[in-house]
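Chains as they are written, first to last, in full-length UniProt numbering: chain A, 1 to 508; chain B, 1 to 508; chain C, 1 to 508; chain D, 1 to 508.
There are 4 protein chains.
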Amino acid sequence: MGSESKSLEFLKEIGLGSSNIGCYINGQWKATGSSVTSRNPSNNQTIAEVTEATLQDYEEGLQACSEATKLWMTVPAPKRGEIVRQIGDALRAKLDPLGRLVALEMGKILPEGIGEVQEIIDMCDYAVGLSRQLNGSIIPSERPDHMMFEVWNPLGIVGVITAFNFPCAVLGWNACIALVCGNSVVWKGAPTTPLVTIAVTKLVAEVLERNKLPGAIFTSFCGGAEIGRAIAKDTRIPLVSFTGSSKVGMMVQQTVNERFGKCLLELSGNNAIIVMDDADIKLVVRSVLFAAVGTAGQRCTTCRRLFLHESIYTNVLDQLIGLYKQVKIGNPLEKGTLVGPLHTRTSVENFQKGISVIKSQAWKILTGGSVLESEGNFVQPTIVEISPDAPVVKEELFGPVLYVMKFQTLEEAIALNNSVPQGLSSSIFTQRPETIFKWIGPRGSDCGIVNVNIPTNGAEIGGAFGGEKATGGGREAGSDSWKQYMRRSTCTINYGSELPLAQGINFG
Amino acid sequence: MGSESKSLEFLKEIGLGSSNIGCYINGQWKATGSSVTSRNPSNNQTIAEVTEATLQDYEEGLQACSEATKLWMTVPAPKRGEIVRQIGDALRAKLDPLGRLVALEMGKILPEGIGEVQEIIDMCDYAVGLSRQLNGSIIPSERPDHMMFEVWNPLGIVGVITAFNFPCAVLGWNACIALVCGNSVVWKGAPTTPLVTIAVTKLVAEVLERNKLPGAIFTSFCGGAEIGRAIAKDTRIPLVSFTGSSKVGMMVQQTVNERFGKCLLELSGNNAIIVMDDADIKLVVRSVLFAAVGTAGQRCTTCRRLFLHESIYTNVLDQLIGLYKQVKIGNPLEKGTLVGPLHTRTSVENFQKGISVIKSQAWKILTGGSVLESEGNFVQPTIVEISPDAPVVKEELFGPVLYVMKFQTLEEAIALNNSVPQGLSSSIFTQRPETIFKWIGPRGSDCGIVNVNIPTNGAEIGGAFGGEKATGGGREAGSDSWKQYMRRSTCTINYGSELPLAQGINFG
Amino acid sequence: MGSESKSLEFLKEIGLGSSNIGCYINGQWKATGSSVTSRNPSNNQTIAEVTEATLQDYEEGLQACSEATKLWMTVPAPKRGEIVRQIGDALRAKLDPLGRLVALEMGKILPEGIGEVQEIIDMCDYAVGLSRQLNGSIIPSERPDHMMFEVWNPLGIVGVITAFNFPCAVLGWNACIALVCGNSVVWKGAPTTPLVTIAVTKLVAEVLERNKLPGAIFTSFCGGAEIGRAIAKDTRIPLVSFTGSSKVGMMVQQTVNERFGKCLLELSGNNAIIVMDDADIKLVVRSVLFAAVGTAGQRCTTCRRLFLHESIYTNVLDQLIGLYKQVKIGNPLEKGTLVGPLHTRTSVENFQKGISVIKSQAWKILTGGSVLESEGNFVQPTIVEISPDAPVVKEELFGPVLYVMKFQTLEEAIALNNSVPQGLSSSIFTQRPETIFKWIGPRGSDCGIVNVNIPTNGAEIGGAFGGEKATGGGREAGSDSWKQYMRRSTCTINYGSELPLAQGINFG
Amino acid sequence: MGSESKSLEFLKEIGLGSSNIGCYINGQWKATGSSVTSRNPSNNQTIAEVTEATLQDYEEGLQACSEATKLWMTVPAPKRGEIVRQIGDALRAKLDPLGRLVALEMGKILPEGIGEVQEIIDMCDYAVGLSRQLNGSIIPSERPDHMMFEVWNPLGIVGVITAFNFPCAVLGWNACIALVCGNSVVWKGAPTTPLVTIAVTKLVAEVLERNKLPGAIFTSFCGGAEIGRAIAKDTRIPLVSFTGSSKVGMMVQQTVNERFGKCLLELSGNNAIIVMDDADIKLVVRSVLFAAVGTAGQRCTTCRRLFLHESIYTNVLDQLIGLYKQVKIGNPLEKGTLVGPLHTRTSVENFQKGISVIKSQAWKILTGGSVLESEGNFVQPTIVEISPDAPVVKEELFGPVLYVMKFQTLEEAIALNNSVPQGLSSSIFTQRPETIFKWIGPRGSDCGIVNVNIPTNGAEIGGAFGGEKATGGGREAGSDSWKQYMRRSTCTINYGSELPLAQGINFG
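So, in structure tokens, the structure goes:
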């Protein structure tokens, strides 16, 4: 552990030390790969060391997992729900230190770190109920003495590859549902947040062990692209849930599909807020601030594009710039901080590159635009006045950079919202029912998340989370997302002694 | 028209002549490509000529279709249902000649030809009801003064590429649902069944025109791989429904996914029937016959593998061989015929190649195995005694060739059923509840269709049709298949004046 | 037939003559009761004579119906759907004369008469789709080797007692769903609309007979309270659907419940429209006119109470009074008529009594209030300015009398809306999302139908129709209303050989 | 506390003393009625004293509850779920002493007492998930610029009247669902199990108080018929859930319905097990024993009628009689006891009366039939060979008396099963799929619970619990039972500026 050892004592509460084994394989902690350093993005000092997985570790883990899956899928679903309930309770007991770790290692502010852990807990509670509702259907047959069933069975193993910005919530979305559905989980966390991966895995592992279930039901790897590729190619893994960029997601998708596997993709967002002339400006300003600078602009649902009706353009912009200048940037664990550091040095470089391009094209930086002098990865929240035709507006710059544009009509604003390759989240601020219902209707926003009078980020687990187009089309968390973690069988049972044929066909 | 002109007079009833235009574009019949000949597989004589589409025709069609879609998606769903109801009535009025055409051009026997048209009619009736049930959800929000909606909107254009073996039913599965969901349809029928494509399109077109709707809502092309590729690549088509081989399906999938489009795939099957020791043998024999020789073995759900429990092996096999020898092969339009011709000369060649391989590996042909001497494409229904390890057993030979194998235990039979790349259909014959429920359970058949005491083929439209693994994972017709034809938006509406955040986060 | 014989020739098209047999029993037309006269409410002249049912006829009908039910409930649901589809087509073919008969005999204007028949046709189309979607559930069991099913089976016989104001649409709501669910229907139409009862029954009967099904599946009686009581008491009828007043409905309910039968009640409404200060006044005025004077105020969803925000009170009222004075009253079959006669002389007397009470309490009649001099049952559409505390405001006066009241706040308006015993329909006119969502939320309208910017009447079949409190709590037509017509069984199937107990209990 | 004070020390753990206040009103413990004695049915000694509610207490409670309801119904459903989760955790922490109290006060054996508390805990877990799934629907409108919603809102107050045999599980079924649905609960427990009522209420109350919610959300009364009648008549209580006999249930129903309130009835059962010739006899014998003597025959799902196929009649009967003679009767808290006492002296008298009638009609008592000499309420488990025509067979004798009858065919057995007024639970034991599916089909069992190869009792919470006919028709616990605790609104929202009418009607 680094020099801040005192403030890091809480790590012991969640089973972490100065050096840690990064794989949970066949119910055992074991890793034979090289060591990586987990760094605090606020000062780039070492938090702890982690040994990563090799492909041999991977293979050992997968073999055990395959075996354990045969058992797990025959455990009755409500009993699986009881295990997930216990996982939820284990997380609840460690909500504070886990949330603190998320803030420390990822760099998001503490309330967001705790909120992220709370999201897994919510998912556990939700999945427990779901474990008695993974309902199939009994469908009327057109043939006498026949019954039709639609039965849902587990897929087997679900691979989950998560990203640094939500180092555990996305695991929660996937694992809670996957587990009650009767699947084992193989998790590869982000290479730069290995401590979160380990800490969460430890809590899950303890629950499995306490219930005398094979630990291999939940197999977890710290590691990089090599392990990711192994998961994508592995024919033992019928479903791979991947969170990351559209570019990498496309590679994962093509690799998984080549073996007729299935993907659940949560890729890039390029999310817009539209502000109509009749919007509640106070609500707008708070929402844009949260959506654009929250998590230092590193949410997939971060607002990156702001479309302001010409009549309120100056008013909103002035208020925003004012707020941007006051926003407290600093240590995410300190009370009052609203903007923490970017996650890594590389993120800072990407920010710098993005700003350079913007400047080179003569777009107007209204506020921000600089990297802060510090040991950490801090940058200024930035607002850029730009044309919607600028090519940079079509891309996801993963940091706190907000593009502001003007519009005149709803149709124009919707067209602009829909004019980028990505399709994750979108919001409108208005008080007119007609505008609201057009926005959510067939010719409205083409995104997976379509909000009204709230920002683009901050989804609840009860709905399905995910987006269209280059965002990948996956849906996680609530609604009927669970169906993606199961295999559907259409069964027709003839319990009579005749053989009538469908569509009234007479054969022979 | 060929020499059989008299018997082909019925074609006039459904708008066909000796030469026909093969595209319905922007509400007009027009085609600038080369002419192809539709041949009767029973004698390889010409039925009629058809002019195919060029890429220019395609582009003209798509532009009109895109435009028409904007209108169609705002027509209220129940009104779209009324149009589909009228399409159903138009088909019902022409059930006999259309069924006859299917039999004539594809080569299946008349009751199956009529059954295929009946299936579209059933789909229309079903879709009419569905047009008032494309329900979204209102989900409880954790935030006061907020409501969460899950809204389903049309995708836009749905591309449908169908295969020769079901030249119109698969269009029906897709188009009926796609249309009530608010999508336009772009259809490319199989290159060897252009007359069915044209005849069905004519009926749809008349309904659209009678209702003063743009014909471009239903755009239809006769054509080959070039048009198929254009559909796969076209970013204006968010969903491509493809029926065909796993090999071509994989190419379509990768092409569509490369542009983050979606696929609905119905690919190869390699379907098995398992016969347990306690099965009703009379039912078994009738079912296997229908499943293995029906449609001359050219259904995607044709039974290609037969697993017989050792205790009833000889008994079932003897009865089957007896029936195979009696089965009437011949003109599919003639009463009493059970086996028509293969669809094309190429199909016959593939059959011959398959039989050669089987012979070269010394597997035992118990009955059949030859091509019949005739002007048409007739082959003998064939039974082969083989080992489950033989590589040919893992492949789909698209003709009436049945592989027979022996087993001892249920577990063994299920493992054999699941041991091929494909995962479409599967059946077990048994009278034991325990066997039935294991078969449809987590460790049972891994197919999309899992039957009991009925054959692998003959699905009803109320269930979801499709399969897993190399069969492509798509689901068509009933259940919640309609969701694939729509775009899901998770909407959160704040109708209050506060901004509470999900997961209880406090920001700023 | 009366003196208007020429204009009544259309009755022959739908099988009616000058004297008609009023019961369809065991597939035969037969009635042994006394003769009643169907009169034209526009002039009180005889349309035709009808022989009603005796209790002997009833008993004969029920015995045959019970027997037929055993067959009908085992016909596969999609096949039952096909029968209902044919009924829909039979009605479609006679849409015009049937709609004309409804207008003639009930007294509603022709577009409403045709709309009523269209509603049954819509119900048929809807029910056809439903016949493949009467889905049960497969619920995960907490016990290994167990499956839980929720199965829906037919109830048996459904009794339907309808009222004069919708002499056939309400039959349609019930019968279409009841039939696809596998129930037989026993219908008693209103005593004053026997010709509609007979004409509709004839079309249904022909379809059954053409399909060689027992006519007794649909058993129909013209008759009065005696037959109604017989249905209520009959233990062979597990469900009685009754439409009528709260007073009679209560008696039916208590009688049916005494034998542990079930009721589906559509009773009195006392429906309010609330007009907020920001409402679209043009929309309001058209809506109130349609809702208050349409069908001469004889819909169960007729608007009887109008709450106007004080700021737009005079404006709306002035416009309404203007329209009321111009509205064309007269022969409902004549083009341009908006208000036809009340249904019977008794209805006129009730109107007169109601007006007397209003006058005696010194409430202000702003327009209307009189019976028109004529041979028919015409009265003036009436607007009364009144206090919400007036006892008459709590009662349903079944005619075109509208009570107008003033309010200041939304909370007050909602409280007023909810302050009557009935709870059928309610509307608000506003443009504020907050108001809309409060209105449809937990502290909003307590009615079954809660509209926004449309009148209280004019429901679509896709939703569930019905109301709370003294309106009886029943729900008909769309949504999951079909469940009321079926019997739910929770089935647990043990297919293993062990006996684990729920809740982990260990017994012995 | 009585002489057994030592063994009763555990009562302190759950907040009980020797004298207890029996009402939780407006968040306070307070009761002004007379004192009743809770007695141990094993020895009729006093456990503790309880002060019951007066009608004044009731009124005070209801006024506070009405007020609290206004708040509770606007708390977001997932937040209500969090409260129910905490209630579940509070119960889990006291599972053992609460289960022990249920056994002590009701008289059921300890594993069943603990199982009963576990059932509430399961319900809490289930309801937490449900709190994010109380989904309404968005239904396609046939009118442009219109949306249809089906919205579910809380009812307000739900009255729950429970019976002695499940002194807390039935409260759990109702309260968990009612609470997440946004309703307050008014509970009247059975007069003879007041300590369970108080202990459970205390745990709920603590959770409400800890969360600073008004205690009046959960209002609880110890009391008798007077309080029950007050609930039934109270127009502030839109839904009354009642568990008890058909006779009292009928009175409750008619009283509640008279004020157009709704009932949820769980009344008498008269449950049969059918044993086919091919049944697994070992499974049968264990099942019948558990179903007929478990809870000393005092479950509503107790098996009271046993239909044995003639071919296995003697075999099964002999084994059963053997087991009946060995079954350990005694103190329900002692390990190994299978049969505890009847609940009260009155229960013993009813048993004696029943046996007298049986003897007077000369039916053959094969085993049992006597009251045991003891201070407690112990009787012998009894088997009677009888004719299905005997009138006593149609009645529910609430004790361990099993009627055995012989049959020859499935049809006969189903007819016998269905020949009683009650319709709660039923089971068949067979290995034939045809028999299974006929049994659960349209012409099978007419009960709400239809089991296969498990006994009539022991339902899981995931399914809907309840029965048809004189059992009252209510459904509790899982499936869509929650809908009964909510008010359905069909909402049509016009967000455009036109007024198109449904069914295409043109008005004015």
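Glycine included, C-beta positions come from ideal geometry on N, C-alpha and C.
Because the structure is a prediction, the values reported are computed rather than measured.
Annotation: residue 293/A to residue 108/A spans about 11 angstroms, alpha carbon to alpha carbon.
Not a single CB atom of chain B sits nearer than 8 angstroms to the CB of residue 119/C. With respect to chain D, the C-beta atom of residue 436/B has a partner C-beta closer than 8 angstroms. Excluding five sequence positions before and after residue 406/D, the CB atoms of its chain that fall closer than 7 angstroms to its own CB belong to 308, 310, 313, given in chain order.
Residue 58/B and residue 433/B have their alpha carbons spaced roughly 54 angstroms apart.
At a beta-carbon threshold of 7 angstroms, the residues of chain A lying near residue 496/D are 434, ordered along the chain. Secondary structure in the segment 70 to 144 of chain B: the alpha helix (DSSP H) runs of 4 residues or longer, each lying completely within the stretch, are 77 to 93, 95 to 106, 110 to 130 in chain order. Between the C-alpha atoms of residue 73/B and residue 154/D there is a straight-line separation of about 35 angstroms. At least one C-beta of chain A is nearer than 8 angstroms to the C-beta of residue 129/D. In the DSSP assignment, residue 379/D is bridged to 371/D. Proximity to residue 424/C across 152/C, 475/C, 487/C, 170/C peaks at 475/C, based on C-alpha coordinates. With a cut-off of 8 angstroms on Cβ pairs, the segment 226 to 242 of chain C is in contact with the segment 254 to 261 of chain C, counting three or more such pairs. Per DSSP, the unbroken alpha helix (DSSP H) holding residue 437/B starts and ends at 433 to 439.
For residue 428/C, the enclosing beta strand (DSSP E) starts and ends at 425 to 429. Counting only Cβ-Cβ distances below 8 angstroms, residue 99/A has no contacts in chain D at all, with the closest Cβ about 18 angstroms away. Think of a sphere of 9 angstroms around the beta carbon of residue 475/B: the chain A residues whose beta carbon falls inside it are 488, 490, in chain order. The beta-carbon distance between residue 184/D and residue 69/D, rounded to whole angstroms, is 4 angstroms. This is short enough to meet the 8 angstroms contact definition.
With a minimum length of 4 residues, the unbroken runs of alpha helix (DSSP H) contained wholly in the segment 268 to 337 of chain A fall at 281 to 293, 313 to 326. Counting only Cβ-Cβ distances below 9 angstroms, residue 478/B has contacts in chain C at 132, 133, in chain order. Secondary structure at residue 184/D: strand, using DSSP grouped into helix, strand and coil. For the segment 441 to 454 of chain B, residues whose beta-carbon sits nearer than 8 angstroms to a beta-carbon of chain A comprise 441, 442, 443, 444, 445, 446, 447, 448, 449, 450, 451, 452, 453, 454. Non-local C-beta neighbours of residue 19/B in its own chain, meaning closer than 7 angstroms and more than five positions away in sequence, comprise 48, 49, ordered along the chain. As DSSP reads the structure, residue 45/C sits in a beta bridge with 40/C. With fewer than 16 neighbouring CB atoms inside 10 Å of its own CB, residue 67/A falls in the exposed class. By the beta-carbon neighbour count (other beta carbons within 10 angstroms, threshold 16), residue 111/A is buried. Residue nearest to residue 131/A within the set 165/A, 366/A, 175/A, 181/A is 181/A (criterion: CA-CA distance). In this structure residue 187/B touches residue 171/B by the C-beta definition: roughly 6 angstroms separates them, less than 8 angstroms.
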